[in-house]
Amino acid sequence: MLCLRLSVCLSVSFSFSFSSVFRMKIAVIGQSLFGQEVYKELKNDGHTIVGVFTIPDKDGKADPLGAFFHLIFINKMSFLMSLFLGPAVKLNVLPFCSQFIPMECICTFKLNILEFWQSCHCRTAYRTLIHGDKTGGFTVFWADDGLDTGPILLQKECDVEPDDTVSTIYKRFLFPEGVRGMVEAVRLIAAGKAPRIRQPEEGATYECIQKKDNAKIDWNQSAEAIHNWIRGNDKVPGAWAEVDGKNVTFYGSALVDDGSTAKGQPLEIPGASRPGLVTKNGLLLFGNDGKMLLIKNLQFEDGKMIAAAQYFNADSSTSVELTEEEKNFSEQIRAVWKSILTNVESVEDSTDFFKSGAASMDVVRLVEEVKLRASHLQLQNEDVYMATTFQEFIQMCVRKLRGEDAEELVVDYVSIMNINNMTVQMPHQLFIDGEFVDAEGAKTYKSINPTNGQPICDVSLAQLSDVEKAVSAAKEAFEDGEWGKMNPRDRGRLIYKLADLMEQHQEELATIEAIDSGAVYTLALKTHVGMSIQTFRYFAGWCDKIQGCTIPINQARPNRISLIFWLIFVWLSCLSVFRVCGIVIPWNYPLMMLAWKTAACLAAGNTLVLKPAQVTPLTALKFAELTARAGFPRGVVNILPGSGSLVGQRLSDHPDVRKLGFTGSTEIGKQIMKSCAISNVKKVSLELGGKSPLIIFSDCDLDKAVRMGMSSVFFNKGENCIAAGRLFVEESLHDTFVQRVVEEVKKMKIGDPLERSTDHGPQNHKAHLEKLLEYCERGMKAGAKLVCGGKQVNRPGFFFEPTVFTDVQDHMYIAVEESFGPVMIISKFKEGDVDGVLRRANATEYGLASGVFTRDLSRALYVSERLQAGTVFINTYNKTDVACPFGGFKQSGFGKDLGQEALNEYLKTKAVTIEY
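Residue numbers (mature numbering (1 follows the signal peptide of the UniProt record, and there is no 0)): -19 to -1, 1 to 897.
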C-alpha cells in the first residue's frame, strides 16, 4: 500500500500541557516544494518558525524551502546543533528530507519530531505500483531511533488507478493530502490529542530505494505485470531493456484493451514473447499472456528522449532555417543556457544540456525562462529531455512557435464519402485531456440520422470513471498546465484561431449538423455554424478586457480605497483553486449552444467538461478536434457524450466543478439546481423551457407579421427555445392571418435537409416525434381546431407536418405546455384589449422570450415593458446577436448567454480594501 510517511517523536522526559489554541515554536527540517507548502501552512496556523534546516540543490542552488527562510545547509552542522538543541524549539517538523539527519537533531531532550517520509506501510512508493496495489495512503507517526518505525498518529488512504505513476499519485493525492495531514498532525499535538498507536512490524519495514541496475524489464510476465514494473520505475530510476543492442528506458506506460488491429512497424526486443509494434500512438508491447500495453516515450543511454512513435524516424527530421527574429530568440535562449550551465565556457550548438551538468530543477528553470521570452510557447519538461543539445532545443522551440511541431492528434475518424459533395470525417470517441479515447469498458451507442432513421456511427458512451478523468484533466490543465498561467491576450489569440478553423470547416460542420440533428443545411451553415463562429470571435476580443475598478469608500481617509477585481470563476481555499466548469447542452442547436456557453467560459479563463446531448454528439466531437488543432493545451476542453442521468448528474454533484451551465427542460433544470446546491453550492446558470407569447395587433404590417409569425414557430422545425409557443391575434385580423399562414405552410417543402430547396427537415429524434403526435392528439381532444398538419409525414425518417391550431382556449394543455416542435397555437383577443391580452400572455410560468407586432410605437413600448420575458422582439422575431445578452425569467431560468453579461456567469467578484 503506497504511503507518505510523517513521523513524530516525543522524548519520554518531555512534558507540556497543550491547549486547543496553543501555538508552538517550530523548526522545519526538509526540502522541496512539499516542505515549502508545509512551512507556509504552519505559518498560516499562527506557529512561529524558529529555523529551517535544508540542503542545497545541485551545484549549491537554493532548495524551494530555503526561499521561505534563512538557509541552514547541511555542512553548517554547528549552527544546526545550536538551533535545534536550543530551548526555543518545541517541535521539529520534517516534511521530507532525502539526506542523513543526525539523531541528535531528531530525538534529543525536550524535542518533538514530526517527519514526512516517502514510503508505504510495507512498500516504497514505486513498489506499490510494481505490485499492482489498488489502494495507497500515508501515515503520520512518532519517530523513534529507527526514524520511521515509531507509533502511528494518523493515516489516510486513496485509490490507485490502473495507469497511475508515482508522479500522478503524488500530484493528485500525496502532495495535497500529505500537506494537510502534516498540518493536521501538528494541530493534534498542539491540542494534546495526538494518539500513539503501535506500528505493526510489517508497517515498520523499509525497502531500499530502487537502483537502475535492478530496473531491467523481465519480459516473461503478463502485460499488466510489465506495465506495473514500468510505471513503478517511471522517471526514477526508469525501467529499461535492450533494444537494437542499446539499453533503452521506457516511460509512460498504459494498458491497452484492444490493440489487435493496430498497424505499425515491428520492433524486435530480446526476451519478449513477440516483437513490439511502433504505431502512430506509441510502442505497443505484449505480455506472455497475449495482452498489450502502450509506451509513450523512450530514452537512450546518452539521455536523449523521443516519442516512442518516432523510434524509426528519430534522426530523420531536417533543420529549419531561422528568420532574423528567430535568430534573436535563439541568442536569448543561448544566454539562458549559459546562466544555467555555469560550468561551461560557452554554449555551442552541440552543447548537451544534461551532459553539461543540468539536473531536474534546471529543466524546470529552463522551461520557465523560455516562457518569459515566448509566453505563447507551450513547453513541457519532457520536451527538454527530447531535445538535449542546444541546436535540437532551438529547432524544437522554433517548430513549436511556427505551429509545425504540435503533438500529432490521433483521430479514429468515421468517414462518410460523397455526402453533400464532400467527405465528412467525424471523431466518435470521448475527448479527454487532449486525446480521443474509448469510454470505460469500450461502451458505445448509436447516433441516428433523423432523415432516414438509420445509424450514422457508434459513439463512445461516457461512464462515471470517464467523468472523473475529464474533471481531473480540466483541473490539472488549469492548476499545473499552461492555461491558468496564460496571458489573456494569448488566450484570445487561441480562441480567434479556433474560430478561423471552424470557418475553414464550416461546410463540414454544417453537414454533420444536418445529418445528426436534422437541421436544414442552409440554416445550419448560416445559424448553427455561422453564429457559433461569430460567438467565439466576439468573446476572443473580451479576453484582455476583463478588468476591475477603483471605488472610494465612505469611511476612508484619502489614503484608503476599495478595489474590485473580476476574477475567473473561483473557489478559494488555503491549498488550491478550482477553475473547472461543467456545461450541459441540448439537442436542438448542438454546435451553437456549445458555442454560446463555451466561448464565454474559455474567454474568462476557465477549463471545462462539456456533455453534449446524447442524440447529437457529433459536432461537439468535431469541435473538440478543432480545439486541439488550434493549439489549446491538453485538458482545457473535454467532451463527454453520454446520458444526462449519469454524466450530467455527476457534473452537477462533482466537488471539483464549481460552476455549471445548463440549457434544457425546466424539469431537469430544477434537478440540476438542487444537485448543485446539495453538492457544493456551485454557481449555476439555467436556460430552460419556454412558452413565448407573440401578440399581433390588427394595425401591423400583415406581410411581415405573417412571415415573422411563421418563422417564430417553424424556424429550425420548431425546435427552438424561443419559439412562439402561443400567438395572440387581434380579433379583426384573426381570420385573415390564419388564412395567410395556412397558404404559406402549404408552400413549405418538406424533405432531405441537405437539399438546398428544403424548408423543413426531420424532427431531431424518434422520441420527440412521438411526443409531438401525442401533443396534437391532446389538443384535438380538448377542442382546439386543427387547421392543418398534425401528422407524421409518410416517408422514412422522423418527419412531422407543420401544424396550425386555432380556437385554443387558455385552459387547454397546448395553450400552457411547450411543444418544442412545428406547432402554431393561435388564440384570439378582443379588439383594443391591450391589458387583457397582456394578462393572458403573462399567465405562464415561463418567461424566455416574447414578441409584439404593431405600427404604434407607443403601444409597442408599453407592451414590451409589461411582458414578463427576458427577450422581447418588436416587429421581428428570432433576431439574436452575439453582443446581446440572452436569458429568461421565472421558470425559464436565470443567468445570461451572449454579451458581456455572459462573461459574468463565469467570473466572480472579489473586493479588496487597502489601507496604506
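Every residue, glycine too, gets a C-beta built ideally from N, C-alpha and C.
Note that the C-beta distance between Gly828 and Ser873 is below 8 Å.
Secondary structure remark: continuous alpha helix (DSSP H) runs of at least 4 residues inside the stretch 619 to 681, in chain order: 630 to 634 and 647 to 661. When only Cα atoms are considered, Val141 and Tyr756 end up about 51 Å apart.
Taking 8 Å as the upper bound for CB-CB distance, Phe371 and Arg315 are in contact here, some 7 Å apart.
As a beta-bridge residue in DSSP terms, Lys197 pairs with Trp221.
For Met163, the enclosing alpha helix (DSSP H) covers residues Phe156 to Ala171. Taking a cut-off of 8 Å for Cβ pairs, the stretch 462 to 474 and the stretch 781 to 799 do not touch, as fewer than three such pairs fall below it. In this structure, Pro614 is the residue among Phe867, Pro614, Lys603 and Ala495 with its C-alpha nearest to the C-alpha of Asp471. Three or more beta-carbon pairs drawn from the stretch 414 to 424 and the stretch 444 to 460 are found closer than 8 Å, and the two stretches are therefore classed as touching. The Cβ atoms of Gly623 and Val590 do not sit closer than 8 Å to each other. If you compare the alpha carbons of Arg153, Ile437, Glu799 and Thr516 with that of Arg759, the shortest gap goes to Glu799. Looking at the DSSP output, Ile287 sits in a beta bridge with Leu279.
Taken in chain order, the unbroken stretches of alpha helix (DSSP H) that lie wholly in the stretch 739 to 799 and span 4 residues or more are 747 to 762 and 794 to 797. In this structure, DSSP gives Glu142 a state outside helix and strand, which the three-state scheme calls coil. Less than 8 Å divides the Cβ of Gly219 from the Cβ of Ala196. Taking a cut-off of 8 Å on C-beta distances, the stretch 637 to 649 does not touch the stretch 428 to 444, as fewer than three cross pairs fall below it.
Taking a contact as a CB-CB distance under 8 Å, the pair Phe119 and Leu169 does not count as one, their CB atoms being some 15 Å apart.
Taking the C-beta atoms as reference points, Ala235 is found no nearer than 8 Å to Leu266. Here Leu134 is not bridged, per DSSP, to any residue. Nearest to Phe281 by alpha-carbon distance, out of Lys227, Glu312 and Asp330, is Lys227.
Judged by pairs of C-beta atoms under 8 Å, the stretch 647 to 665 does not touch the stretch 699 to 707, as fewer than three such pairs exist. Your pair Asn309 and Ser203 does not check out as a contact, with CB atoms roughly 54 Å apart and the cut at 8 Å.
With contact defined as three or more Cβ pairs closer than 8 Å, the stretch 862 to 881 and the stretch 825 to 845 are in contact.
Thr835 carries a coil assignment under DSSP once its states are collapsed to helix, strand and coil.
As computed with DSSP, Met403 is found in a beta bridge with Ile400.
8 Å or more divides the Cβ of Glu488 from the Cβ of Thr600.
Taking C-beta separations shorter than 6 Å and ignoring five residues to either side along the sequence, the partners of Thr146 in its chain run Arg212 and Asp215, following chain order. Its Cα nearest to that of Ile178, the residue Ile133 stands out among Ile133, Tyr794 and Leu879. Within the stretch 320 to 357, the complete alpha helix (DSSP H) segments at least 4 residues long are 341 to 354, listed from N- to C-terminus. For Tyr477, no beta strand (DSSP E) run applies; the uninterrupted alpha helix (DSSP H) run containing it begins and ends at Pro469 to Gln485, by DSSP.
Counting C-beta atoms within 10 angstroms of its own C-beta, Asn619 has 16 or more neighbours from the protein chains shown and is therefore classed as buried. Judged by DSSP in its simplified three-state form, Pro436 adopts strand. About 34 Å separates the beta carbon of Pro734 from that of Gly473, a gap too long to meet the 8 Å contact definition. DSSP, read as helix, strand or coil, puts Phe801 in coil. Judged by DSSP in its simplified three-state form, Arg4 adopts coil rather than helix or strand. In the three-state reduction of the DSSP assignment, Lys889 falls in the strand class.
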